[in-house]
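If you read the sequence shown in this note's numbering, its first letter stands for residue 11, the second for the next number, and so on. Working notes, structure below.
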Amino acid sequence: MSTTSAEPVVSDTAESAASTPPIEPPRPRAAKARRGFGARAALLGPPLGVLVVLLGIWYAISITLSASGKGFLMPMPHEMFTSGFFDPQVSSDIWVALFRTTGVALAGLGIAMIIGIGWAIAMSLARWVERSTYAYAVVLQCIPILALVPLVGFWFGYEFLARVIVCVLISLFPMVSNTLFGLQSVDKSQRELFRLQKADKWTVLTKLTLPAALPSIFVGMRTSAGLSVIGAIVGDYFFRRGEPGIGSLIANYQSRLQSAELFAAILAACLLGVAIFAFFGWLSKVAVGRWYDSTL
């Protein structure tokens with residue numbers, strides 16, 4: 011009697027499953043990294059492309075002027091660094107002057123913030139104050155600042171105080187208008203809720219209107235920050251006594267036809283304005299970014 015051995019039967023499906031390599035799970039970190047790189051490239055690519063084009067145009071104009079003997083009108087972009095920032099004496103003069111201008115701009119901005127926020131709060135609490143004084147804030151904004159600068163120097167001298175006053179005059183209105191807008195834009199239902207709770211004006215101000223106005227206040231700060239730098243440089247142009255700032259240095263380079271040093275000082279002044287603006291933008295995100303979504 012013969013015995014037949016039972017052989018295992020393997021189906022085609024099992025064979026194909028055994029031959030198919032296991033599927034690796036997705037790598038979320040790598041995908042996020044690729045998406046992050048793509049987002050940064052999309053954000054930085056266009057500005058960098060425009061910068062390359064502008065530098066090419068700048069080089070073309072500089073070469074053309076140099077060929078006609080007028081190269082002093084516009085130096086090569088790299089000469090700003092070789093003859094400006096990389097020169098020890100010129101670099102020292104620029105950074106010392108920039109430090110002085112920063113002190114003037116921050117002092118004027120701080121005073122403008124205090125006056126502007128206080129003025130706006132007073133107008134929000136008393137309608138008669140707004141009707142009586144807001145028109146003068148508008149008039150102050152409409153008057154050309156260059157028309158007031160000689161009077162400021164005549165009344166307050168030609169040194170640090172006069173420069174600060176010019177900064178205050180040029181940066182005050184954005185603080186007043188933006189703060190007042192924020193204080194008056196609080197939701198009416200929330201105001202009614204505080205009235206039902208019989209809250210006094212101080213409680214409404216500190217617990218409702220002022221916190222709700224913070225986004226608008228920071229918008230005013232960023233706007234006034236850039237204007238304060240302009241005011242400090244304008245003051246340097248007119249007030250040469252005392253410690254000269256970046257504006258006085260720009261005027262000196264212009265009178266000596268030192269174009270490379272002039273462009274370096276102008277670039278430093280621009281970077282100062284951008285840095286102060288970016289600081290208040292960062293401060294706004296830290297203070298209100300968790301609960302207020304804005305594209306400003």
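We put the beta carbon where it would ideally sit given N, CA and C, even for glycine. Keep in mind the model is a prediction, meaning the values are calculated, not measured.
- [ ] Report the option in 232, 294 and 270 whose CA atom is closest to the CA atom of residue 88.
- [x] Considering only alpha carbons, the answer is 270.
TODO: Determine the extent of the alpha helix (DSSP H) in which residue 225 is found, giving its start and end residues.
DONE: Boundaries of the alpha helix (DSSP H) around residue 225: 224 to 248.
- [ ] Measure from the alpha carbon of residue 117 to the alpha carbon of each residue in 228, 250, 171 and 276, then state which is nearest.
- [x] Of all alpha-carbon atoms in 228, 250, 171 and 276, the one lying nearest the alpha-carbon of residue 117 is that of 171.
Task: Rounded Cβ spacing between residue 173 and residue 109 (contact assumed at less than 8 Å) - done: Taking the Cβ atoms as the reference, residue 173 lies roughly 14 Å from residue 109, outside the contact range of under 8 Å.
TODO: Would you mind stating whether residue 251 and residue 168 have Cβ atoms separated by less than 8 Å?
DONE: Taking 8 Å as the cut-off, the Cβ atoms of residue 251 and residue 168 count as close.
Task: Chain-order list of residues whose beta-carbon lies under 6 Å from that of residue 68 (same chain, five-residue window excluded) - done: Excluding its 5 nearest sequence neighbours in each direction, residue 68 has C-beta neighbours in its own chain below 6 Å: 87, listed in chain order.
Task: Nearest residue (CA-CA) to residue 120, options 92, 137, 238 and 149 - done: Of 92, 137, 238 and 149, the residue nearest in Cα terms is 238.
- [ ] Following the continuous alpha helix (DSSP H) through residue 93, name the residue where it begins and the one where it ends.
- [x] Counting along the chain, residue 93 sits inside no alpha helix (DSSP H), nor does DSSP assign it H or E at all.
Task: Assigned secondary structure, residue 71 (DSSP; H/G/I helix, E/B strand, else coil) - done: DSSP places residue 71 within a helical segment (H, G or I) once states are collapsed to three.
- [ ] Give the straight-line distance between the Cα atoms of residue 95 and residue 236, rounded to the nearest whole angstrom.
- [x] Each residue's alpha carbon lies about 23 Å from the other.
Open item on the list: Quick check: the region 184 to 192 against the region 129 to 145, are at least 3 beta-carbon pairs closer than 8 Å?
Closed with: Taking 8 Å as the limit for Cβ pairs, the verdict is that the region 184 to 192 does touch the region 129 to 145.
Task: Helix, strand or coil at residue 196 [DSSP, three-state] - done: Three-state result, residue 196: coil.
- [ ] Just mark residue 24 as buried or exposed, buried being the case when its beta carbon has 16 or more other beta carbons within 10 Å.
- [x] At residue 24, the pLDDT of 48 sits below 50, so the modelled position is not reliable and the matter cannot be decided from this model.
Task: For residue 179 and residue 257, the rounded distance between their alpha carbons - done: Each residue's Cα considered, the two are about 18 Å apart.
Open item on the list: For residue 165 and residue 133, I'd like the C-alpha separation in whole angstroms.
Closed with: Cα-Cα distance, rounded: 29 Å.
Open item on the list: Please classify residue 82 as buried or exposed, where buried requires at least 16 neighbouring CB atoms within 10 angstroms.
Closed with: So residue 82 counts as exposed.
Task: As assigned by DSSP and simplified to three states, the class of residue 113 - done: In the displayed model, residue 113 falls within a helix according to three-state DSSP.
Task: Residue closest to residue 122, alpha-carbon to alpha-carbon, out of 267, 230, 136 and 226 - done: The residue from 267, 230, 136 and 226 with its alpha-carbon nearest to that of residue 122 is 230.
Task: Neighbour-count burial assignment, residue 74, 16 or more Cβ in a 10 Å radius - done: Per the 10 Å Cβ criterion, exposed.
- [ ] Mind reading off the beta-carbon distance from residue 196 to residue 176? Whole number of angstroms is fine, and I expect it under 8 Å.
- [x] Residue 196 to residue 176, Cβ: 34 Å. No contact.
- [ ] Would you be able to state if there are at least three C-beta pairs under 8 Å between the region 272 to 288 and the region 198 to 205?
- [x] Counting Cβ pairs under 8 Å, fewer than three are found: no touch.
TODO: Indicate whether residue 215 and residue 126 have their beta-carbon atoms separated by less than 8 Å.
DONE: It is not a contact, given that the beta carbons lie outside the stated cut-off.
TODO: Assuming residue 259 and residue 104 form a contact by the criterion Cβ under 8 Å, report the distance between their Cβ atoms to the nearest whole angstrom.
DONE: Rounded, the Cβ-Cβ distance is 7 Å, consistent with contact.
TODO: Determine the closest residue to residue 111 out of 293, 97 and 253, with distance taken between C-alpha atoms.
DONE: If we check each option's Cα against that of residue 111, 253 comes out closest.
Open item on the list: One question on the structure: do residue 243 and residue 279 come within less than 8 Å of each other, judged by their Cβ atoms?
Closed with: It is a contact, given that the beta carbons lie within the stated cut-off.
Open item on the list: Can you check which of these residues, 220, 234 and 97, is closest to residue 298 by C-alpha distance?
Closed with: Nearest neighbour of residue 298 by Cα position, chosen from 220, 234 and 97, turns out to be 220.
Open item on the list: Within the continuous alpha helix (DSSP H) that includes residue 264, where are the two ends?
Closed with: Element bounds for residue 264: 256 to 265.
Open item on the list: For the alpha helix (DSSP H) containing residue 80, name the first residue and the last one.
Closed with: No alpha helix (DSSP H) holds residue 80; DSSP gives it neither H nor E.
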